[in-house]
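K.L.:
Got a structure for you, questions after.
Residue numbers (the numbering used here): 406 to 704.
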């Protein structure tokens, strides 16, 4: 039976999806919101690896389904799959569990325990972090601590001027540092995670900021910018993927004016310098600490 509703990207060999399946993942720009869904007749899900987020997403799917409708949830064994059956049991659901292609797969038609479902959804909801001083949510990048790479980049950013962009803006940590300069005219903030975009709308109260839910690699090209800052991702579905960072670098080169600057932070082992030197007139190391490096590249 093809599934008409999907969360994430379940492997095609493990879940048959309708060609026009509705997507509900916050990591798919334009997708619908699972937290608002009602009356679904089925859901196939690649469950997230984070425990709080995973239980919340399972709970939202159970709440959105019609009574007796199937939920097919799966995850790699080493990324939450081994806990799926217990998560569903804690939500009041019995399931049929199987294993295939290094995934654990759980199928349930139970509606679950309403109180347990609502408790899991509340646990995964946005909250104001006293530590960060920002609104955050389980599942968003570095949701419960200040990412050390982002902190290092923030400490070394210059006082920008003109129009710029924050690629992969997350919760808005770098935006606060950038917008502290009165000479900044505008800041385009882009993130592939809809939750991060929603949180930035709370965290960045500045009319110069424009926050966009989109994939940087497919972003409509803006007018030439004076600067771009970024802490590019290098994991895709939990696996290291240097291509993501390289794509961010290429996109930055495309949107910057001649003389514009790209400031980025990355793990020290990532070989971004060669790609930067291909696209930019000058590339200079700025700082290294805690396994991270900050680089300035001028177009």
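Heads up, the beta-carbon is just placed ideally off N, CA and C, and yes, glycines get one too. What you are looking at is a predicted structure, and each value in this text was computed from that prediction instead of being measured.
Pull the bridge partners of residue 603 from the DSSP assignment, please.
P.N.:
None, per the DSSP bridge assignment.
K.L.:
Cα separation between residue 578 and residue 559?
P.N.:
Cα to Cα, the separation comes out at about 8 Å.
K.L.:
Would you check if the segment 615-630 and the segment 529-549 touch, i.e. whether three or more CB-CB distances between them fall below 8 Å?
P.N.:
No: the two stretches stay apart, fewer than three of their Cβ pairs being nearer than 8 Å.
K.L.:
List the endpoints of the continuous beta strand (DSSP E) containing residue 518.
P.N.:
Residue 518 -> no beta strand (DSSP E), and no H or E assigned at all.
K.L.:
Residue 701 by DSSP, collapsed to three states: which one?
P.N.:
Residue 701: strand per DSSP, three-state reduction.
K.L.:
For residue 569, report the span of its beta strand (DSSP E) as first-last.
P.N.:
Per DSSP, residue 569 belongs to the beta strand (DSSP E) from 567-572.
K.L.:
Are the beta-carbon atoms of residue 496 and residue 525 separated by less than 8 Å?
P.N.:
Taking 8 Å as the Cβ cut-off, residue 496 and residue 525 qualify as a contacting pair.
K.L.:
Determine the DSSP secondary structure at residue 532, reduced to helix, strand or coil.
P.N.:
If DSSP states are grouped into helix, strand and coil, residue 532 belongs with the strands.
K.L.:
Checking 8 Å against the spacing of the C-beta atoms, do residue 448 and residue 466 come in under that value?
P.N.:
It is a contact, given that the beta carbons lie within the stated cut-off.
K.L.:
According to the neighbour-count rule (16 or more other Cβ atoms, all chains shown, within 10 Å of its Cβ), is residue 541 buried or exposed?
P.N.:
Classification of residue 541: buried, given that the 10 Å Cβ count is 16 or more.
K.L.:
With DSSP run on the structure shown, which of helix, strand or coil describes residue 692?
P.N.:
Three-state result, residue 692: strand.
K.L.:
With C-beta atoms as the reference, is residue 688 less than 8 Å away from residue 682?
P.N.:
A contact, by the Cβ cut-off of 8 Å.
K.L.:
Give me, in chain order, the residues of the same chain whose beta-carbon lies closer than 8 Å to that of residue 572; leave out the 5 immediate sequence neighbours on both sides.
P.N.:
Here the set comprises 595, 621, 633, 634, 635, 637, 653, 656 and 657.
K.L.:
Is there contact between the segment 602-622 and the segment 659-678, where contact requires at least three CB pairs shorter than 8 Å?
P.N.:
No contact exists between the segment 602-622 and the segment 659-678.
K.L.:
If you check the beta carbons only, do residue 610 and residue 593 fall under 8 Å apart?
P.N.:
Contact: no.
K.L.:
For residue 503, collect the residues of the same chain with a Cβ closer than 7 Å to its Cβ; drop the 5 residues on either side in sequence, then sort them by chain order.
P.N.:
Excluding residues within five positions, the ones whose Cβ falls inside 7 Å are 510.
K.L.:
Below 8 Å between beta carbons: does that hold for residue 702 and residue 557?
P.N.:
No; because the gap between Cβ atoms is not below 8 Å, this pair is not in contact.
K.L.:
Where does residue 658 fall in DSSP's three states?
P.N.:
Three-state DSSP puts residue 658 in a helix.
K.L.:
So for residue 477, helix, strand or coil by DSSP?
P.N.:
Strand.
K.L.:
Measure the CB-CB distance between residue 698 and residue 671 and report whether it falls below 8 Å.
P.N.:
Going by C-beta atoms, residue 698 is nearer than 8 Å to residue 671.
K.L.:
Using only alpha-carbon positions, find the residue among 462, 482 and 520 that is nearest to residue 506.
P.N.:
When only C-alpha atoms are compared, the closest one is 482.
K.L.:
Using a 10 Å radius around the Cβ and a threshold of 16 neighbouring Cβ atoms, would you call residue 472 buried or exposed?
P.N.:
It is exposed - the Cβ of residue 472 has fewer than 16 other Cβ atoms within 10 Å.
K.L.:
Just the Cα atoms here: how many angstroms apart are residue 651 and residue 677?
P.N.:
One C-alpha to the other measures close to 7 Å.
K.L.:
Among 412, 568, 566 and 537, which residue has its Cα nearest to the Cα of residue 555?
P.N.:
Nearest C-alpha to residue 555: 537.
K.L.:
Determine the DSSP secondary structure at residue 632, reduced to helix, strand or coil.
P.N.:
In this structure, residue 632 counts as strand in the three-state DSSP scheme.
K.L.:
What is the residue span of the beta strand (DSSP E) that residue 594 lies within?
P.N.:
Run containing residue 594: 589-596, per the beta strand (DSSP E) assignment.
K.L.:
If residue 600 sits next to residue 544, beta carbons under 8 Å apart, how far is it from one beta carbon to the other, in whole angstroms?
P.N.:
The Cβ separation is near 6 Å, so the contact holds.
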